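Enquirer: Can you keep this structure in mind? I'll have questions shortly.
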RNA sequence: GGGGGAUUAGCUCAGCUGGCUAGAGCGCUACAUUGACAUUGUAGAGGUCAGUGGUUCAAGUCCACUAUCUCCCACCA
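Numbering (this note's numbering), first residue to last: 987 to 1900.
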């Protein structure tokens, strides 16, 4: 039975995946090599968007997590990797709205209404959700699909409602005001990260305001400005602090008050500002700081029109109003000057480019400062608990520099606004009582959003419930809050809601806290911190001990994948954009996985380009062919390892195999996947293929070949699951008893100390150097590579091993004859070199170019002289001899000895030539 | 403005807690070809480890400053 000459990934991958899944190996209870007494290893898969396309970020996440999962599964831990998808509220709704717009429905919300739009979204999700799941499988992800979850599943919705109710009862959730980004054009709120800042030239106006001159780019918001703010240390205005007096303003005199605050930059403009908290985030925050002094008055309505406070300007849009107002101020003599060269950042909605009008609206919040969590014997706030879990090392972040970022974020953490003015998502389970009049007005608006509650002046604080608290009557109507919860609210519960919470199910008890949370560093704040928040609060409330309340023990953050030039891959430049599915098709999943793992450092970005993937495809093929060689050359596939048959080379490779098992295990354990992969790569390609297999062509030990092959397949399996599983199947077909069970559930290899042969290891390594040196001398002297020549080795302690490996040396250095002498020989007309005390002479009388030999040897002598000088310098340095560890000193001594010996021989060679 | 990260061979990057005549892959040069593999093999060229100073017996590795490039957060009435 013979394998194809090269590995064709496409032929095998889908079948292998199906076989894995069907075998039940993905589930913790379905894996035969599991040891139930070992600590479970759990990863909650960060749920991709249900409407998403697999991109390189997902691919990286899946590759890293699958390595950890497969490794621990093979280690015998009960292993659970729980997959799922996220409803991604804003992204999904806007995606569907855009799609509908393309289909001719210009204002989907207004034209379709809530119910119909949600239906459309659901239809879309139904079709697209399978997409991402199929693609996740393509990456070879060994996750437990029987436990798959979706953030909109009924049981997860139940978790969301339970959480909301608990927090409401504990007074953590409250309804309050907040300055949000409002797009009057699209009638929607815009999240901070969906706001684009466009640099624009604007006109900057200076007005006389009592004794001050104030500057503004937005005069139309200034009608209600009664508060003047100056910097507390600004000498120019110190006399006015706290004063209140009347000034002439746009529509007549108003009463103004001066308050000092550090937010004012004395260098900017005139160092004086008046504030408009209703239409500026900064001003709003200032108002929050001085709630007794500053009132919030809306000037512009939700459609961008002036409200009655503007007097004669009422009903104008902002640009009309600005023009008219400036004219009026000029007439009144209050316009001081105009600066047309003012450059500022204009906030626009990145969808639709509508200019953002900050508005103050009622929203639902989570209080992060209220001390309600019973944590480590005292009541602590969310903020304090978030700090404690990292400070007390209950959760470890890898790499740890992100601790700093995390703390910085918490220090500036404000109450979390959890309501969103969109329809797709978990609807806020609060009900308000409306009068008939209010209700009539409310239902007249097609685009239902919470701002309407303010428009129709609903004062009812709302009551919690999944159903209306009472039946509607002729005069009383109940409506549910039209908004939905922030997607991160449900995602925050992901690690425990997917395990059955609020019920403490068997799975929950067994697999929570999860072991590792692996994700990109870009969502550290959005998600990681919020999971910690939700988990610690909810589970502590359930009465679990603190250490059981964290969502995960470790956070592993990977970097972003960038293109060859280190730029973000963007759809704008498709040539740099790598679609994981396309490259999987082209190079195979294993190659793609390796290219995402090797060369990546935790938390650091990595550049990816197709040549790199092609390189790993070559490696995968090398794996294939090394196995092919073994299968073609082994007759008794189950031959047991028999120490009495071990040659020095066998001992060397067994020793090296132990070494790679130890190193790979250590690196994976330390989450160093790149070095782990690299070392196995080097072991397979270098040690196994370049040397041991080559040596096996002279004399072979079948049992050792099989041992090495099986071990390396196991070590590679977490990295390249497909090709290794295919080959394992070939071993099985060839009758290998160990390969009876699939590789995915085969125990991880362990180093066997009986096969540690450090002396032999060193000997063979030196023999390798000798072969290299002969090859080097040949090629330096332009000896025809095909020509077999004679070599003489003499002197030194390597002689015995040389004799043993004579056949190998003859073959690998392409020699016709090898003479080996215990004592140094005097060979005339030869190209010569010295290695570890052994002289290497190639008698090539007719081919020698004495001048070239001379310059080569002279150069080598110079190098040696310099080297010896450095070491002698070190060794004669008292500080070094006293301070350095003995091992280091010993190494220098040996180096010196060898170098001196070599120098001596080279010198005599040189003299001979002269 | 605040905080990260990066700066090592032509390119992409390793080099963990200081002990290195500084490594890998790709690319380049020369050579080899039906025997596991051209998705290959062999040999080679190529680096004052961004700069300056400091700590140390010893610095690519630690510290300080400088320069350039990047990312995140906060953004100015």
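In this text, a Cβ means the ideal position worked out from N, Cα and C, and glycines have one as well. Note that the structure is predicted; figures quoted are calculated from it, not measured.
1. Please list the segments of the alpha helix (DSSP H) lying wholly inside the region 1244-1277, counting only runs of 4 or more residues, in order along the chain.
2. Could you tell me how far apart the beta carbons of residue 1915 and residue 1477 are, in whole angstroms, since I believe they sit closer than 8 Å?
3. With a Cβ-Cβ cutoff of 9 Å, do residue 1712 and residue 998 count as a contact?
4. Tell me which residue opens and which closes the beta strand (DSSP E) that residue 1086 is part of.
5. For residue 1335, count neighbouring Cβ atoms within 10 angstroms of its own Cβ and tell me buried if that reaches 16, exposed if not.
6. Counting only runs that start and end within the region 1501-1552, where is the alpha helix (DSSP H) found for 4 or more residues in a row?
7. Can you tell me which of 1425, 1346, 1173, 1145 puts its alpha carbon nearest to the alpha carbon of residue 1263?
8. Tell me which residue opens and which closes the beta strand (DSSP E) that residue 1198 is part of.
9. Taking all protein chains shown into account, decide if residue 1706 is buried (16 or more other Cβ within 10 angstroms of its Cβ) or exposed.
10. According to DSSP, is residue 1378 part of a helix, a strand, or is it coil?
11. Are at least three pairs of beta-carbons, each pair with one atom in the region 1531-1543 and one in the region 1496-1515, less than 8 Å apart?
12. Opposite residue 1463 in the DSSP bridges: which residues?
13. Would you list the one or two residues that DSSP bridges to residue 1674?
14. Could you spell out where the beta strand (DSSP E) holding residue 1162 opens and where it closes?
15. From the DSSP output, which residues share a beta bridge with residue 1828?
16. Would you please state the rounded distance, in angstroms, between the beta carbons of residue 1627 and residue 1690? I believe it to be under 8 Å.
17. Look up residue 1060 in the DSSP assignment and say whether it is helix, strand or coil.
18. Under DSSP, the beta strand (DSSP E) around residue 1347 begins and ends at which residues?
19. Have a look at 1114, 1423, 1655, 1368 and flag the residue whose alpha-carbon is nearest the alpha-carbon of residue 1397.
20. Check residue 1387 in the structure and name its three-state DSSP category.
21. Pull the bridge partners of residue 1195 from the DSSP assignment, please.
22. To the nearest whole angstrom, what separates the beta carbons of residue 1143 and residue 1487, a pair I think is in contact under 8 Å?
23. Going by DSSP, name the residue or residues bridged to residue 1121.
24. How many Å lie between residue 1856 and residue 1813 at the Cα?
25. Near residue 1267, which residues of its chain fall below 8 Å by C-beta distance, leaving aside the five closest residues on each side in sequence?
26. Taking Cβ positions, are residue 1147 and residue 1452 nearer each other than 9 Å?
27. Note down the Cα distance separating residue 1314 from residue 1236, rounded to an integer number of angstroms.
28. Given this structure, state the Cα-to-Cα distance separating residue 1381 from residue 1173, to the nearest angstrom.
29. Closest to residue 1494 by C-alpha separation, out of 1480, 1505, 1504, 1506, would be which residue?
30. Measure from the alpha carbon of residue 1567 to the alpha carbon of each residue in 1010, 1619, 1026, 1043, then state which is nearest.
31. For residue 1211, which residues from the same chain have a beta carbon less than 7 Å from its beta carbon, with the 5 sequence-adjacent residues on both sides left out?
32. Can you tell which of 1758, 1156, 1255 has its C-alpha closest to the C-alpha of residue 1355?
33. Name the DSSP beta bridge partners of residue 1642, please?
34. Do three or more CB pairs link the region 1218-1234 to the region 1363-1379 at distances below 8 Å?
35. For the structure I just gave you, are there three or more beta carbon pairs, one from the region 1386-1396 and one from the region 1456-1466, closer than 8 Å?
36. Per DSSP, what kind of secondary structure is residue 1066 in: helix, strand or coil?
Expert: If we stick to the structure as given:
1. List check, alpha helix (DSSP H) in window: 1267-1275.
2. The chain is shown from 987 up to 1900; residue 1915 falls before or after that span and cannot be answered.
3. Yes.
4. Per DSSP, residue 1086 belongs to no beta strand (DSSP E); it is in the alpha helix (DSSP H), 1075-1088.
5. Under this definition residue 1335 is a buried residue.
6. Segments of the alpha helix (DSSP H) lying fully in the region 1501-1552: 1516-1527.
7. Minimum Cα distance to residue 1263 is reached at 1346.
8. Here the beta strand (DSSP E) through residue 1198 covers 1198-1202.
9. Residue 1706 should be labelled buried.
10. Three-state result, residue 1378: coil.
11. Contact annotation: the region 1531-1543 touches the region 1496-1515, with at least three C-beta pairs closer than 8 Å.
12. Note: residue 1463 sits in a beta bridge opposite 1420.
13. None; residue 1674 has no bridge partner.
14. Judged by DSSP secondary structure, residue 1162 falls within the beta strand (DSSP E) whose first and last residues are 1159-1169.
15. Paired residues: 1817.
16. Taking 8 Å as the upper bound for CB-CB distance, residue 1627 and residue 1690 are in contact here, some 7 Å apart.
17. Shown here, residue 1060 sits in a helix according to DSSP, grouped into three states.
18. Residue 1347 -> beta strand (DSSP E) spans 1343-1352.
19. Residue 1368 holds the alpha-carbon nearest to the alpha-carbon of residue 1397 among 1114, 1423, 1655, 1368.
20. In the structure shown, residue 1387 sits in coil (DSSP, three-state: anything other than H, G, I, E or B).
21. Per the DSSP secondary-structure output, residue 1195 pairs in a beta bridge with 1198.
22. With a Cβ gap of about 13 Å, residue 1143 and residue 1487 do not count as contacting.
23. The bridge partners DSSP lists for residue 1121 come to none.
24. In a straight line, the C-alpha of residue 1856 is about 32 Å away from that of residue 1813.
25. Taken in chain order, the residues that qualify are 1165, 1344.
26. A contact, by the Cβ cut-off of 9 Å.
27. Distance between the alpha carbons of residue 1314 and residue 1236 is about 8 Å.
28. The alpha-carbon separation between residue 1381 and residue 1173 amounts to approximately 42 Å.
29. Across the set 1480, 1505, 1504, 1506, the C-alpha of 1480 shows the shortest separation from the C-alpha of residue 1494.
30. Of the candidates 1010, 1619, 1026, 1043, the one whose C-alpha sits nearest the C-alpha of residue 1567 is 1043.
31. For residue 1211, where only same-chain residues beyond five positions count, the Cβ hits under 7 Å are 1260, 1261, 1262.
32. For the residues 1758, 1156, 1255, the minimum Cα distance to residue 1355 belongs to 1156.
33. In the DSSP assignment, no residue is bridged to residue 1642.
34. With a cut-off of 8 Å, the region 1363-1379 and the region 1218-1234 do not count as touching, because too few Cβ pairs lie within range.
35. Counting Cβ pairs under 8 Å, fewer than three are found: no touch.
36. Three-state DSSP puts residue 1066 in a strand.
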